[in-house]
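**Q** My numbering puts the sequence shown at residues 8 to 270.
Don't be surprised by glycine CBs; every beta carbon is placed ideally from N, CA and C.
Note that the structure is a prediction, hence the values are computed from the model and not measured.
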Amino acid sequence: MLAVLLTKLIATALVVIGVSVAVGKLGPRLGGIIAGTPIILGPGYFFLLQEWPTEFIQHAALATLHALIATLLFSISFVLTAERLGALPSLGLATLIWVPGAYLFSFISGGVAVAVVLYGLVLLAAEVIKRALDLTQPKVVAISGWFDVVLRGLLAGVLVAVATTLAARSGPMLSGILVGFPVGLFTIGWTLHDRYGPDVARATVAAAQQGMLSLVAFAVVTAVLVEHVAPMVTFLGALLASIAVSATLFLVSQWRVRRAYPA
8 MLAVLLTKLI ATALVVIGVS VAVGKLGPRL GGIIAGTPII LGPGYFFLLQ EWPTEFIQHA
68 ALATLHALIA TLLFSISFVL TAERLGALPS LGLATLIWVP GAYLFSFISG GVAVAVVLYG
128 LVLLAAEVIK RALDLTQPKV VAISGWFDVV LRGLLAGVLV AVATTLAARS GPMLSGILVG
188 FPVGLFTIGW TLHDRYGPDV ARATVAAAQQ GMLSLVAFAV VTAVLVEHVA PMVTFLGALL
248 ASIAVSATLF LVSQWRVRRA YPA
């Protein structure tokens, strides 16, 4: 039990700290893509696949897909309010939107296909809002001091470790929803807002909306493969699919920049 908790804690802490560093080096556009990778979902499902039967994993993965739709609403809310309300109030409001959203989406019938279509529609709405806001890609001025980043990364790790471990004993729907809670996005938005200001935080969270397609790929492949192949093959297939989506997003992003700024 302790090893499971520590693994989840460390994985989550690393993604929060790593994205903060990535934004400082690469900027919000690529930092947001990194924020969407399944470094938080991965450890949770690694252990779920080891401990629970096929039907449990399928229901949990579907619940995670529904939670990811709510996470898009979370990100839209943060992008719209972070500059005016500040970091914690805007994140608190986004969380209040996420909780009922994830719960209500879990009652949608139609399985994985319907969940993916609904995610695509909400993502399209998020893109329209992002273009309407005309978010800039501000130059990041790094601020010295690592204590706050490490502390919040560890806090995120504790939340994920405890939530996923306890949720697995409460049924697949709650397990999948809590694994999908955007604790990484929450702490990333909080940390970047404090360290670099609202412009960087909003731009990074907005970029993470497309980056979360990586998480969608992970959940979809998990739900589809788990009844056909061994648990570890399922995990590796989901991980490879997720990495492939992130790599594609990265290459497309680079191509757009080179096309826009050929010099």
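Write down the C-beta distance between T194 and L162 rounded to the nearest angstrom, noting that I regard them as a contact closer than 8 angstroms.
**A** 7 angstroms
**Q** Report the rounded CA-to-CA distance for F242 versus A213, giving the unit in angstroms.
**A** C-alpha separation (whole angstroms): 28 angstroms.
**Q** Do you know offhand how far I83's Cα is from E62's?
**A** 32 angstroms
**Q** Indicate the three-state DSSP secondary structure (helix, strand or coil) for F242 in the structure shown.
**A** helix
**Q** Does the distance from the C-beta atom of P205 to that of T78 stay below 8 angstroms?
**A** no
**Q** Applying the criterion that 16 or more other CB atoms from any shown protein chain within 10 Å of the CB defines a buried residue, is D18 buried or exposed?
**A** According to the sequence as given, residue 18 is Ala; it is not Asp. Per the 10 Å Cβ criterion, buried.
**Q** By how many angstroms is the C-alpha of L128 removed from the C-alpha of W262?
**A** 25 angstroms
**Q** Do you know how far the Cα of W197 is from the Cα of L95?
**A** 7 angstroms
**Q** Cα separation between A109 and L130?
**A** 15 angstroms
**Q** Using only the alpha-carbon positions, how far apart do V157 and L125 sit?
**A** 35 angstroms
**Q** List the endpoints of the continuous alpha helix (DSSP H) containing H73.
**A** T61 to L92
**Q** With distances taken from CA atoms, which of S182, G191 and A133 is nearest A20?
**A** Scanning S182, G191 and A133 for the CA closest to the CA of A20 turns up G191.
**Q** Helix, strand or coil, according to DSSP, for D206 in the structure here?
**A** Helix at D206.
**Q** By the DSSP assignment, the alpha helix (DSSP H) with G127 in it spans what residues?
**A** G118 to L140
**Q** In terms of alpha-carbon separation, which member of A89, G49, F114 and G51 lies closest to I76?
**A** F114
**Q** Does the beta-carbon of A215 have 16 or more other beta-carbons within 10 angstroms, so that it is buried, or is it exposed?
**A** buried
**Q** So is R138 buried or exposed if we call it buried at 16+ other beta carbons inside 10 Å?
**A** exposed
**Q** Quick one: give me the first and last residue of the alpha helix (DSSP H) that E58 is part of.
**A** L48 to E58
**Q** For P179, report the span of its alpha helix (DSSP H) as first-last.
**A** P179 to V186
**Q** For G93, count neighbouring Cβ atoms within 10 angstroms of its own Cβ and tell me buried if that reaches 16, exposed if not.
**A** exposed
**Q** Give a yes or no on whether the C-beta atoms belonging to L142 and R209 are separated by under 8 angstroms.
**A** The Cβ atoms of L142 and R209 lie closer than 8 angstroms to each other.
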